[in-house]
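In this note's numbering, the protein residues as written are 4 to 258. Here a beta-carbon is modelled for each residue, glycine too, at the ideal position from N, C-alpha and C. All remarks here apply to the structure that follows.
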Amino acid sequence: MPRYGDADSIRWFNVESYCTFHILNCFEDGDEVIVRACKSNESIIPGPDWGIDKFKWFSKGFKPLSTSTEEEDDNSSIKDGFLFTCVNEWRLNMETGEVKERNLSGTEFSMDFPMINEGYTGLRCKYGYTQVIDSEASSICGKTKYGSLAKLYFEEPDSLASSVKGHFGNPIKMEHHKFAKNNFCTGSAFVSKLGASKEDDGWIVAFVHDEDTDTSHVIIVDAKNFEGEPIAKIPLPQRVPYGHHGAYFQNPSQR
């Protein structure tokens, strides 16, 4: 829909059915509008139907697509990986009506809650960040748990993708910031440095809970040294519950 359009100016594009909760970014590229978002085959909400074993539902649903098989239980309608979430790209051609689609993040890591440097909202961006689901921990407890963060390089291909079973759609390069065992995050946000000259000059701020010690803390990760140790780890006086959503707002006096 054009910025100043009305109902009659809406353009519709046919795509395969899927579920998307969170958009990463959208921008124009010539005659195309590029949409990048997290996509799964089905919705995790409202959960399994009455009478279905929720642990089996989550276990099969979160199973990485790269390890799933065609074999299913004779009496089961639950398919492997139906909750698996990838970062997907749709290219909508405004002249021809054609849609081109591809999986950007591959079939090994399920991820959601995407974020970018918000200064690039609506513009072409080189980087994106997500929370990565720990499929095993999520299957055991019957809810999503995010055991790491990912940095996506939209303009760099994954050099190992061609040799990894199950990858498709020309996956892009990714880096991972992994938490300690039984540590899971929520509410992550990208914070740009003041006066930054590069798109990834900034930090990822995330709330992390340690289930072994029942303590919560804030971690700050340098986006340019993504796989390195956090530059800060701040203890919190109270537990931050899973499902918390985060955002960052700069103090106006610092502008």
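From residue i to residue j, what distance separates their C-alpha atoms?
{"i": "Ile207", "j": "Leu107", "result": "21 angstroms"}
{"i": "Asp161", "j": "Ile143", "result": "31 angstroms"}
{"i": "Arg94", "j": "Glu35", "result": "6 angstroms"}
{"i": "His248", "j": "Asp11", "result": "35 angstroms"}
{"i": "Arg127", "j": "Tyr245", "result": "31 angstroms"}
{"i": "Tyr130", "j": "Pro49", "result": "32 angstroms"}
{"i": "Tyr132", "j": "Ala209", "result": "12 angstroms"}
{"i": "Lys181", "j": "Ile234", "result": "14 angstroms"}
{"i": "Glu178", "j": "Thr23", "result": "23 angstroms"}
{"i": "Thr147", "j": "Pro51", "result": "14 angstroms"}
{"i": "Asp215", "j": "Ala183", "result": "10 angstroms"}
{"i": "Lys201", "j": "Asn120", "result": "10 angstroms"}
{"i": "Glu45", "j": "Lys82", "result": "10 angstroms"}
{"i": "Asp115", "j": "Asn96", "result": "26 angstroms"}
{"i": "Lys59", "j": "Ile222", "result": "33 angstroms"}
{"i": "Asp137", "j": "Tyr7", "result": "43 angstroms"}
{"i": "Glu232", "j": "Cys188", "result": "15 angstroms"}
{"i": "Ser20", "j": "Gly145", "result": "25 angstroms"}
{"i": "Asp32", "j": "Glu101", "result": "14 angstroms"}
Between residue i and the rest of its own chain, which residues show a CB-CB distance below 6 angstroms, the 5 nearest in sequence each way excluded?
{"i": "Ile1", "result": "Nothing about residue 1 can be read from this structure; the chain reaches only from 4 to 258."}
{"i": "Asp77", "result": "Confidence is the limiting factor: at Asp77 the pLDDT is only 44, short of 50, which leaves the residue's position unreliable, though a coordinate-based value still follows. Hits under 6 angstroms: none found."}
{"i": "Val194", "result": "Gly205, Trp206, Val208 and Tyr251"}
{"i": "Val167", "result": "With a pLDDT of 43 at Val167, under the threshold of 50, the modelled position of that residue is not reliable, and no figure is offered here."}
Taking all protein chains shown into account, decide if residue i is buried (16 or more other Cβ within 10 angstroms of its Cβ) or exposed.
{"i": "Phe87", "result": "buried"}
{"i": "Asp9", "result": "exposed"}
{"i": "Leu239", "result": "exposed"}
{"i": "Lys63", "result": "buried"}
{"i": "Leu197", "result": "exposed"}
{"i": "His212", "result": "buried"}
{"i": "Thr99", "result": "exposed"}
{"i": "Phe16", "result": "exposed"}
{"i": "Glu158", "result": "exposed"}
{"i": "Pro5", "result": "exposed"}
{"i": "Val18", "result": "exposed"}
{"i": "Lys42", "result": "buried"}
{"i": "Glu92", "result": "buried"}
{"i": "Asn254", "result": "exposed"}
{"i": "Gly125", "result": "exposed"}
{"i": "Ile55", "result": "exposed"}
In its own chain, which residues sit with a C-beta less than 7 angstroms from the C-beta of residue i, not counting the 5 before and 5 after it?
{"i": "Lys103", "result": "Arg94"}
{"i": "Ser141", "result": "Phe61, Phe65, Thr147 and Lys148"}
{"i": "Phe229", "result": "Lys154, Glu178 and His180"}
{"i": "Gln134", "result": "Met114, Asp115, Phe116, Tyr149, Leu152, Cys188 and Ser191"}
{"i": "Gly122", "result": "Ser195"}
Mapping the DSSP letters down to three states, classify residue i as helix, strand or coil.
{"i": "Asn228", "result": "helix"}
{"i": "Lys103", "result": "strand"}
{"i": "Trp53", "result": "coil"}
{"i": "Trp3", "result": "This structure cannot speak to residue 3, because the chain is shown only from 4 to 258."}
{"i": "Pro255", "result": "helix"}
{"i": "Ala10", "result": "helix"}
{"i": "Gly190", "result": "strand"}
{"i": "Glu121", "result": "helix"}
{"i": "Lys181", "result": "strand"}
{"i": "Ser20", "result": "coil"}
{"i": "Arg242", "result": "coil"}
{"i": "Lys236", "result": "strand"}
{"i": "Ala40", "result": "strand"}
{"i": "Lys176", "result": "strand"}
{"i": "Asp34", "result": "coil"}
{"i": "Ser113", "result": "coil"}
Could you check whether the Cβ of residue i sits closer than 7 angstroms to any heavy atom belonging to the ligand GTP?
{"i": "Pro5", "result": "Among the components of this structure there are no ligands whatsoever, and the ligand GTP is therefore not found."}
Given residue i, which residues of its chain have a CB within under 8 angstroms of its CB, disregarding the five upstream and five downstream residues?
{"i": "Ala226", "result": "Tyr130, Tyr132, Lys154, Phe193, Asp203, Asp204, Gly205, Trp206 and Ile207"}
{"i": "Lys176", "result": "Leu155, Tyr156, Glu159, Pro160, Asp161 and Ser162"}
{"i": "Val243", "result": "Thr189, Gly190, Phe210, His212 and Ser219"}
Whole runs of the beta strand (DSSP E) within the segment 126–163, excluding any shorter than 3 residues
With a minimum length of 3 residues, the continuous beta strand (DSSP E) runs that stay inside the segment 126–163 are 130–136 and 149–160.
Contained beta strand (DSSP E) runs [length at least 3] in the segment 200–227, N- to C-terminal order:
205–213 and 218–225
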